[in-house]
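Visitor: Below you will find the structure I want to go over with you.
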Amino acid sequence: MASLTIRNLDETIKSQLRLQAARHGWSMEQEVREILRLSVAPDENSIGLAEKIHRRFASLEADALPIPERHTTRTPPVVEG
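Next comes the structure, spelled out in structure tokens:
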């Protein structure tokens with residue numbers, strides 16, 4: 035296991051970490067390990083935007099979203115000069 039030393043930590047932050055660790059029932063060192071683990075670990079329940087969109091519309095039938103009728107493009111203007 036690696037060790038990490040954090041210098042110049044504000045005393046207020048240190049006190050808040052100590053109190054938060056006490057609320058969780060473990061050491062301040064364990065609290066910091068948990069904070070770091072949660073901040074860098076990939077969220078296993080996280081899904082991407084494309085998957086969210088797919089799930090949102092997956093239950094719709096193919097004809098539920100009508101395709102608009104296509105028209106020819108307009109005639110471009112004639113530039114004189």
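By the count of my numbering, the sequence shown reaches residue 115 at its end, each step adding exactly one.
The beta-carbon is built from N, C-alpha and C at its ideal position, and this holds for glycine as well.
Let me confirm a value: E65 is counted as buried when at least 16 other C-beta atoms fall within 10 Å, else exposed. Which label applies?
Guide: Taking the first residue of the sequence shown as 1, we reach residue 65 at position 31. When all chains shown are included, E65 counts as buried.
Visitor: S61 and A55 - do their beta-carbons sit closer together than 8 Å?
Guide: Sequence index remark: in the sequence shown, residue 55 carries index 21 (1-based). Sequence index remark: in the sequence shown, residue 61 carries index 27 (1-based). Yes; because the gap between Cβ atoms is below 8 Å, this pair is in contact.
Visitor: Between the alpha carbons of S93 and P100, how many angstroms are there, rounded?
Guide: Mapped onto the sequence shown, residue 93 falls at position 59. Mapped onto the sequence shown, residue 100 falls at position 66. So the alpha carbons of these two residues sit roughly 15 Å apart.
Visitor: Just how far apart, CA to CA, sit I47 and R41?
Guide: Locating residue 47 in the sequence shown gives position 13, counting from the first residue. Locating residue 41 in the sequence shown gives position 7, counting from the first residue. I47 and R41 have their C-alpha atoms spaced approximately 12 Å apart.
Visitor: Take R67 as the anchor and find which of V112, G115, H88, R52 has the nearest alpha-carbon.
Guide: On the sequence shown, residue 67 is found 33 positions in, with the first residue counted as 1. Among V112, G115, H88, R52, the Cα nearest to that of R67 is on R52.
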